[in-house]
Ligand SMILES: [Cu+2]
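Residue numbers (our numbering): 949 to 1429.
What follows is the structure, encoded as structure tokens:
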């Protein structure tokens, strides 16, 4: 898509939002819902799945699959509670699923094979109806299995933001940006840089006394990164003025890794996680975002200069995961400053007491890795077995559950439950309440406890958001009795 087209789409979104705020970074086009009085044959939104090129920088243009001619796909804005229709058109040779991550919608529109959502056949199309909600930062992405094919599922450019507008945004910011963190050109490797496990605080509550020391299977790595579709230093900088406030919606759309992000010279005030406002906003030097997670942060522009916003890992940042922020009238070289190393702690965003009912039942899950359990690849087990688990996890509608996740593996896993919101109760023994999420990174050899109410009948997929872990066993279907 040409830049002027993107700008045109940007202007359309602006008209819809009825605001003078400018959605910055025209790297992601913004799709606009159609007016209400349309003929029946036109859906409110159309997502066309087809090959796209992504120009990370002038000398690095890659080919992948995306939505509506770009990767990421357009930022879709929807009204909370207002039903919409979405036509998914599949211009590829393989079946596809579009999942609406973080939405509380029925299994037939949720977009996973495991839950029984209908697939969109190769060169076919299908219309979905959904009622967007809850309000906040959600996202859509392919939920196809990839297995050993690194050109499928979330390894491709099939991802984009959906922002569900609750109608009560006070608009306390001057610019709103949608920044998706990505890696590209994945490859198999036996040498994993363990750079995504900084959630552990040394407790290692779940470390087994005897470790399985067999040689590890192949994992997936990358050395090519971007924010949206641009590598650090290419594309337009984020242009700001002193005194402005930015609202940044961050999404980690990686299929591979968790990330830590900092904005040199600035602190970030975290106001929402996974799209849900936090009880206790915190102003931090850096943020940690597991694969699949979102963070909304407000940043005061009070340090005139030219800065880098990006990965705290030098190699990753210098390989593309960053963007330049330029104050008006400033022209020096972009500056980077390493933030202090502080372990990530979800519990600081919560409160000491919960407003929710006490859980009535407990589900225990233990995660294990069997090195090379699936040939070249590791097997990932929940309670001693890979997917499927038949009817091991059956929920009673209306019951509040406590889910205890024991991570007996040497990796931090971003665990996601579809179609439900959970409330973090405890991380490595530290209690909290009121932090509502759909994904939680269970620390390396650690423990996470979440509570949720079984209030969305139908099969609900629970899985690790690292595509390879999910594909090789790390998922389970929660079913209603
Ligand atoms: Cu995992």
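We treat Cβ as the ideally placed atom computed from N, Cα and C, and that holds for glycine.
Compute the Euclidean distance between the alpha carbons of residue i and residue j, then round it to the nearest angstrom.
i            : j            : result
residue 999  : residue 1236 : 31 Å
residue 1372 : residue 1103 : 29 Å
residue 1376 : residue 1228 : 20 Å
residue 1419 : residue 1069 : 20 Å
residue 1300 : residue 1013 : 45 Å
residue 936  : residue 1339 : Outside the displayed span of the chain (949 to 1429) sits residue 936, for which this structure offers no information.
residue 1009 : residue 1177 : 10 Å
residue 1015 : residue 1136 : 26 Å
residue 1028 : residue 1164 : 45 Å
residue 1052 : residue 1219 : 21 Å
residue 1155 : residue 1080 : 40 Å
residue 1390 : residue 1083 : 25 Å
residue 1408 : residue 1056 : 11 Å
residue 1169 : residue 1361 : 15 Å
residue 1331 : residue 1191 : 52 Å
residue 1035 : residue 1308 : 40 Å
residue 1204 : residue 1131 : 8 Å
residue 1038 : residue 1047 : 14 Å
residue 1121 : residue 1323 : 52 Å
residue 1277 : residue 1042 : 50 Å
residue 1417 : residue 1059 : 19 Å
residue 1139 : residue 1118 : 47 Å
residue 1248 : residue 1123 : 11 Å
residue 1250 : residue 1243 : 21 Å
residue 1116 : residue 1226 : 16 Å
Following the continuous alpha helix (DSSP H) through residue i, name the residue where it begins and the one where it ends.
i            : result
residue 1249 : No alpha helix (DSSP H) holds residue 1249; DSSP gives it neither H nor E.
residue 1415 : 1415-1419
Residue i lies in the beta strand (DSSP E); which residues open and close that run?
i            : result
residue 1124 : 1123-1132
residue 1058 : Per DSSP, residue 1058 belongs to no beta strand (DSSP E); it is in the alpha helix (DSSP H), 1055-1058.
residue 1005 : 993-1005
residue 1025 : 1023-1027
residue 1194 : 1193-1200
residue 1450 : Since the first and last residues shown for the chain are 949 and 1429, residue 1450 lies out of range.
residue 1423 : 1423-1428
residue 1044 : That residue, residue 1044, is in no beta strand (DSSP E); it is neither H nor E in DSSP.
residue 1033 : 1032-1038
residue 1150 : Neither: residue 1150 is in no beta strand (DSSP E) and is coded neither H nor E.
residue 1348 : 1348-1355
residue 1331 : Segment: none, residue 1331 is in no beta strand (DSSP E) and carries neither H nor E.
residue 1363 : 1361-1365
residue 1068 : That residue, residue 1068, is in no beta strand (DSSP E); it is neither H nor E in DSSP.
residue 1159 : Looking at the DSSP string, residue 1159 is not in any beta strand (DSSP E), and its letter there is neither H nor E.
residue 1166 : Unbroken run through residue 1166: none, as it is neither H nor E.
residue 1077 : 1073-1078
residue 1184 : Careful: residue 1184 lies outside any beta strand (DSSP E) and carries neither H nor E.
residue 1110 : 1107-1113
residue 1374 : 1370-1375
residue 1137 : 1135-1137
Got a sec? Which residues, its chain only, sit under 6 Å from residue i by beta carbon, not counting five neighbours each side?
i            : result
residue 1107 : 1020, 1089, 1201
residue 1274 : 1185, 1187, 1254
residue 1380 : 1295, 1298, 1372
residue 1318 : 1327
residue 1005 : 1179, 1182
residue 1209 : 1235
residue 1402 : 1343, 1345, 1347
Who are the near neighbours of residue i in its chain, counting only those whose CB is closer than 7 Å to its CB and skipping five residues on each side?
i            : result
residue 1285 : 1212, 1213
residue 1094 : 1100, 1101, 1103, 1415, 1419
residue 983  : Summary for residue 983: the model assigns pLDDT 40, below 50, so the residue's position carries little reliability; its value from the coordinates is reported in the next sentence. Within the same chain, residue 983 has no close Cβ partners at all.
residue 1358 : 1392, 1393
residue 1171 : 1267
residue 1288 : 1233
If you reduce the DSSP assignment to three classes, tell me which class residue i lands in.
i            : result
residue 1018 : strand
residue 1173 : strand
residue 1088 : strand
residue 1296 : helix
residue 1102 : helix
residue 1381 : strand
residue 1317 : strand
residue 1310 : strand
residue 1304 : coil
residue 1178 : strand
residue 1008 : strand
residue 1204 : coil
Could one say the Cβ of residue i lies closer than 8 Å to chain B's Cβ atoms, at least one of them?
i            : result
residue 1355 : The chain labelled as chain B is not found in the depicted structure, where only one protein chain is given.
Beta-carbon within less than 8 Å of residue i's beta-carbon, same chain only, minus the 5 sequence neighbours each way: which residues are those?
i            : result
residue 1341 : 1311, 1410, 1424, 1425, 1426, 1427
residue 1405 : 1345, 1428
residue 1355 : 1154, 1315, 1361, 1390, 1391, 1392, 1393, 1394, 1395, 1396
Open item on the list: Going residue by residue through the stretch 1208-1293, where are the continuous beta strand (DSSP E) segments of at least 3 residues, counting only ones entirely within it?
Closed with: 1216-1221, 1224-1232, 1234-1237, 1242-1248, 1254-1259, 1270-1275
Task: Completely contained alpha helix (DSSP H) runs for the stretch 1386-1412, where each covers 4 or more residues - done: none
TODO: Can you list the residues near ligand 3, meaning Cβ strictly closer than 5 Å to any non-hydrogen atom, in the order they appear in the chain?
DONE: This structure lacks ligand 3; its bound ligands are ligand 1.
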